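Here's the structure, in structure tokens; my notes come after.
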Amino acid sequence: MQTRERRQAIIVLDFGSQYSRLITRRVRELHVYSELVPASATLEQLQSQERLDIRGFILSGGPASVYDEGAPLCDPAILHSGLPVLGICYGMQLLAHQLGGHVALANGRREYGPATLETLFDAANDAQLFRIFAGIDATSAQTNPLDQPPTTNAIRIPVWMSHGDSVDQLPAGFHTLACTESNPVAAIASPQGLVGLQFHPEVSHTPQGKQVLRNFLYRICGCEPTWTTASVIDESVAQIRQRVQGERIISGLSGGVDSAVASLLAHRAVGDQLTCVFVDTGCLRAGEREQVVETFSRHLHIPLVVVDARERFLAKLAGVSDPEQKRKIIGAEFIRVFEEEAALLAKEGGSSAFLAQGTLYPDVIESTSHDTAATATRIKTHHNVGGLPEDMQFQLVEPLRLLFKDEVREIGLQLGLPEEWVWRHPFPGPGLAIRIIGAVDGQKLETLRAADAILIEEIRRAGVYRELGQAFAVLTPLQSVGVMGDLRTYSSVVAVRAVTTGDFMTADWARLSPDLLGRISHRIVNEVPGVNRVVYDITSKPPATIEWE
Ligand code: XMP
Numbered sequence: 153m154q155t156r157e158r159r160q161a162i163i164v165l166d167f168g169s170q171y172s173r174l175i176t177r178r179v180r181e182l183h184v185y186s187e188l189v190p191a192s193a194t195l196e197q198l199q200s201q202e203r204l205d206i207r208g209f210i211l212s213g214g215p216a217s218v219y220d221e222g223a224p225l226c227d228p229a230i231l232h233s234g235l236p237v238l239g240i241c242y243g244m245q246l247l248a249h250q251l252g253g254h255v256a257l258a259n260g261r262r263e264y265g266p267a268t269l270e271t272l273f274d275a276a277n278d279a280q281l282f283r284i285f286a287g288i289d290a291t292s293a294q295t296n297p298l299d300q301p302p303t304t305n306a307i308r309i310p311v312w313m314s315h316g317d318s319v320d321q322l323p324a325g326f327h328t329l330a331c332t333e334s335n336p337v338a339a340i341a342s343p344q345g346l347v348g349l350q351f352h353p354e355v356s357h358t359p360q361g362k363q364v365l366r367n368f369l370y371r372i373c374g375c376e377p378t379w380t381t382a383s384v385i386d387e388s389v390a391q392i393r394q395r396v397q398g399e400r401i402i403s404g405l406s407g408g409v410d411s412a413v414a415s416l417l418a419h420r421a422v423g424d425q426l427t428c429v430f431v432d433t434g435c436l437r438a439g440e441r442e443q444v445v446e447t448f449s450r451h452l453h454i455p456l457v458v459v460d461a462r463e464r465f466l467a468k469l470a471g472v473s474d475p476e477q478k479r480k481i482i483g484a485e486f487i488r489v490f491e492e493e494a495a496l497l498a499k500e501g502g503s504s505a506f507l508a509q510g511t512l513y514p515d516v517i518e519s520t521s522h523d524t525a526a527t528a529t530r531i532k533t534h535h536n537v538g539g540l541p542e543d544m545q546f547q548l549v550e551p552l553r554l555l556f557k558d559e560v561r562e563i564g565l566q567l568g569l570p571e572e573w574v575w576r577h578p579f580p581g582p583g584l585a586i587r588i589i590g591a592v593d594g595q596k597l598e599t600l601r602a603a604d605a606i607l608i609e610e611i612r613r614a615g616v617y618r619e620l621g622q623a624f625a626v627l628t629p630l631q632s633v634g635v636m637g638d639l640r641t642y643s644s645v646v647a648v649r650a651v652t653t654g655d656f657m658t659a660d661w662a663r664l665s666p667d668l669l670g671r672i673s674h675r676i677v678n679e680v681p682g683v684n685r686v687v688y689d690i691t692s693k694p695p696a697t698i699e700w701e
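The numbering of the sequence shown is this note's numbering, which starts it at 153 and goes up by one.
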């Protein structure tokens with residue numbers, strides 16, 4: 153098994169680009185493990201991690217200019233380590249600046265958006281230098297013709313630019329590989345494997361970007377494709393076994409894909425030493441409890457305890473309208489329920505010292521000491537990261553800590569999780585409690601559950617469920633006047649929220665068709681007692697968040 157071996161890795165140093173995470177994901181999509189670390193990380197710190205066999209570095213873009221006071225620099229030891237380095241945008245300027253070249257200030261000029269990159273015509277003569285553009289054929293020019301037809305065997309490809317400063321003097325030993333119309337130095341390289349790209353290979357607007365990154369990983373860094381779903385499963389199973397040493401694990405199922413996959417991994421590691429606990433908080437969506445039992449008990453044969461805690465959660469939430477307070481109450485109550493279940497299981501033999509959680513890599517990046525995250529204000533306490541009570545009795549097992557959502561989905565499929573489950577929209581731990589604005593009670597929960605079920609049914613029927621990142625109904629505290637069958641009504645307003653998003657950090661409101669919106673509104677008002685008006689939320693994130701609370 154792979155597990156005791158050190159894992160080949162590419163380290164991405166984060167200089168603050170909005171694309172830093174995307175670079176890490178792209179590398180992993182190409183089957184090489186990659187981690188995103190703060191720009192200030194030193195070679196010594198990085199190489200002290202026994203588990204990693206570092207094969208190369210990528211310096212991300214970033215908003216700074218190399219001449220800004222306090223501009224983040226790269227540990228020079230990384231640049232002189234002999235390992236390949238790919239500098240993207242600001243990363244390329246750092247390569248030039250720190251290795252003795254020169255960067256010209258933008259003076260207000262910017263190159264932003266699509267451009268055509270043209271390699272210098274000696275590309276064919278110096279394969280070693282031009283490895284970064286290998287496998288991209290000269291005819292790709294036809295997808296993005298310039299005014300003049302190409303007169304050389306240069307490669308011309310569409311690329312995405314976003315920069316102000318540019319390199320105007322190369323460090324010793326470097327060569328210019330390519331230019332754009334407005335930038336004579338758009339790609340540079342040294343024969344030792346230091347490469348700078350002024351464009352962004354990681355974004356989809358650079359269609360050949362994946363091949364460029366592939367060249368860096370496989371031709372320049374000499375990586376092998378070791379980051380595969382099968383190897384991740386093997387490794388995480390071995391790690392869980394080693395960590396828990398035969399003790400029991402309790403796993404909280406939330407009904408979402410993350411906790412489901414974390415539980416499946418734990419089950420593969422310890423078999424029936426795992427007990428899944430599904431807490432019915434009373435704040436679940438329609439049919440949720442039944443679906444969990446059906447999938448986990450009947451389909452996957454995983455030991456499952458369902459705890460009906462509706463009354464105690466509702467009692468704790470009574471009269472509480474502050475969103476953060478609701479989150480804290482629910483987070484704390486969850487843990488109390490798990491502890492009680494652990495105590496019951498202990499009576500049957502074997503204590504449960506471990507709690508499995510579906511924390512993902514983006515949560516980890518955000519809650520560790522990343523330069524930007526450290527200073528960011530806390531917007532919401534997501535209970536799987538920040539809301540656990542301090543006196544908690546469990547140690548955590550977090551098998552998804554190094555994984556992105558799309559990787560979790562792939563693993564889920566591999567482990568037999570039904571497709572429908574794998575593609576479920578995320579559902580927050582506090583559930584419908586943070587979708588009822590103001591205080592929560594049983595009646596409001598009934599109303600919201602019914603409205604939400606109609607919304608999801610119509611969205612599925614229209615075939616757009618998979619295109620959406622999330623869709624749900626919100627029960628507002630507003631009452632409005634209406635008229636139904638000649639009678640005046642004075643009832644609740646339901647808001648519909650549907651967003652498209654890649655990573656849930658930013659989101660846009662979904663352009664649902666007017667017909668679909670009409671059907672949703674018509675059905676909710678007609679079928680859900682106590683609701684006489686439906687509104688559609690057309691706010692992006694930022695400035696709004698996805699959830700209303
Ligand atoms: P926001 O509302 O911050 O949501 O834009 C981003 C994503 O996080 C989910 N979310 C939560 N998940 N506990 C959770 O487990 C929470 O308290 C929580 N609050 C928001 C939200 O549904 C969206 O997917």
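We treat Cβ as the ideally placed atom computed from N, Cα and C, and that holds for glycine. Small disclaimer: the values here were computed from a predicted structure and weren't measured.
Just to confirm, are V444 and L507 a CB contact at a threshold of 8 Å?
No. Outside cutoff.
Does the stretch 278–287 come close enough to the stretch 205–225 to have 3 or more Cβ pairs within less than 8 Å?
As far as the Cβ criterion goes, the stretch 278–287 does not touch the stretch 205–225, which means the pair count is below three.
Sequence-distant residues of the same chain with beta carbon closer than 7 Å to T381, five excluded per side
By the criterion of a C-beta distance shorter than 7 Å, T381 is surrounded in its chain by E562, I563, Q566, once the five residues flanking it on both sides are discounted.
Which residues DSSP lists as bridging V458, in chain order:
Beta-bridge pairing links V458 to F430.
Just to confirm before moving on: does the CB-CB distance between S449 and L417 stay below 8 Å?
Not in contact: S449 and L417 (Cβ atoms no closer than 8 Å).
Using C-beta distances below 6 Å, list every residue in its chain close to Q425, excluding the 5 sequence neighbours before and after it, in chain order.
For Q425, where only same-chain residues beyond five positions count, the Cβ hits under 6 Å are R400.
Have a look at G682, Q160, G483 and flag the residue whose alpha-carbon is nearest the alpha-carbon of S643.
Measuring from the Cα of S643, the nearest candidate turns out to be G682.
Answer yes or no: the CB of G581 versus the heavy atoms of the ligand XMP, is any distance below 7 Å?
Answer for G581: yes, Cβ within range of the ligand XMP.
DSSP state of Y171 mapped onto helix, strand, coil
In this structure, Y171 counts as coil in the three-state DSSP scheme.
For A498, which residues from the same chain have a beta carbon less than 7 Å from its beta carbon, with the 5 sequence-adjacent residues on both sides left out?
Contacts found: S504.
Among L204, R366, F624, which one has its Cα closest to the Cα of S585?
Before going on, a small fix: residue 585 reads as Ala here, not Ser. For the options L204, R366, F624, the alpha carbon positioned closest to that of A585 is the one of F624.
Report the three-state DSSP secondary structure of N678 (helix, strand or coil).
Three-state result, N678: helix.
Under 8 Å, do S212 and D166 count as touching if we go by C-beta distance?
Yes, they are a contact pair.
Excluding the five sequence neighbours on either side, which residues of its own chain have a C-beta within less than 8 Å of the C-beta of V680, listed in chain order?
So the list reads T599, A602, A603, I606, V646, once near-sequence residues are dropped.
How many whole angstroms separate the CB atoms of H327 and Q350, which I take to be in contact at a CB cut-off of 8 Å?
Their Cβ separation, rounded to whole angstroms, is 15 Å, which puts H327 and Q350 out of contact at 8 Å.
If you draw a straight line from the alpha carbon of P570 to that of I672, how long is it in whole angstroms?
The straight-line gap from Cα to Cα measures roughly 27 Å.
Taking the beta carbon of M725 as the centre, do at least 16 other beta carbons fall within 10 Å, making it buried, or is it exposed?
What is shown of the chain runs 153 to 701, which leaves residue 725 out entirely.
Short Cβ contact (8 Å threshold) for G634 with R685
A Cβ-Cβ contact shorter than 8 Å links G634 with R685.
Comparing C-alpha positions only, which one of I288, P323, I698 sits nearest to A248?
For the residues I288, P323, I698, the minimum Cα distance to A248 belongs to P323.
Span of the alpha helix (DSSP H) holding E476?
475–499 is the span of the alpha helix (DSSP H), which, as asked, contains E476.
Straight-line CA distance for V537 to D515?
In this prediction, V537 scores a pLDDT of 39, lower than 50, which makes its location untrustworthy; the coordinate-derived value is nonetheless stated afterwards. In this structure, the CA atom of V537 is about 7 Å from the CA atom of D515.
Close-in-space but distant-in-sequence residues of the same chain around L405 (CB under 8 Å, 5 per side omitted)
If we look at L405 and ignore the five residues flanking it on each side, its Cβ neighbours are S411, A412, S415, C428, V429, F430, V444, F448, L456.
For D655, does the three-state DSSP call read helix, strand or coil?
In the structure shown, D655 sits in coil (DSSP, three-state: anything other than H, G, I, E or B).
Excluding the 5 residues flanking G208 on each side, which residues of the same chain have their C-beta closer than 6 Å to its C-beta?
Within the same chain, and ignoring the five residues on either side of G208 in sequence, the residues whose Cβ sits closer than 6 Å to its Cβ are I162, L235, P236, C373.
Taking V311 as the reference, which of Q363, I588, V319 has the closest Cα?
Of Q363, I588, V319, the residue nearest in Cα terms is Q363.
Which value, in whole angstroms, describes the spacing of the CA atoms of Q170 and L369?
One Cα belongs to Q170, the other to L369, and the distance between them is close to 22 Å.
Could you tell me whether the Cβ atoms of A341 and T332 are closer together than 8 Å?
Not a contact, by the Cβ cut-off of 8 Å.
Out of curiosity, what's the CA-to-CA distance linking L597 and H419?
If you take the alpha carbons of L597 and H419, they lie about 33 Å apart.
Where P266 falls, given that 16 or more other Cβ within 10 Å makes a residue buried:
Counting every other CB atom within 10 Å of its CB across the protein chains shown gives P266 a total below 16, marking it as exposed.
Cα-Cα separation between L630 and P580, rounded to whole angstroms
When the Cα atoms are used, L630 and P580 turn out to be separated by approximately 23 Å.
DSSP state of M544 mapped onto helix, strand, coil
DSSP, reduced to helix, strand and coil, places M544 outside both helices and strands of the structure shown, so it counts as coil.
Leaving out five residues on either side along the sequence, give the residues of the same chain with a beta carbon under 7 Å from the beta carbon of L469.
Answer for L469: K478, I481, A585, V592, listed in chain order.
Would you say the beta carbon of P694 comes nearer than 7 Å to a heavy atom of the ligand XMP?
Relative to the ligand XMP, P694 has its C-beta separated by 7 Å or more from all heavy atoms.
Spatial neighbours of N335 within its chain, please: C-beta separation below 7 Å, excluding the five flanking residues on both sides.
Only residues of its own chain outside the window of five on either side were considered, and among them E263, S318, Q350 have a CB closer than 7 Å to the CB of N335, listed in chain order.
Should R671 be counted as a contact of the ligand XMP given a C-beta to heavy atom distance under 7 Å?
No; taking the cut-off as 7 Å, the Cβ of R671 has no heavy atom of the ligand XMP nearer than that.
Pick from A306, H453, D227, D460: whose alpha carbon is nearest that of Q199?
Scanning A306, H453, D227, D460 for the CA closest to the CA of Q199 turns up D227.
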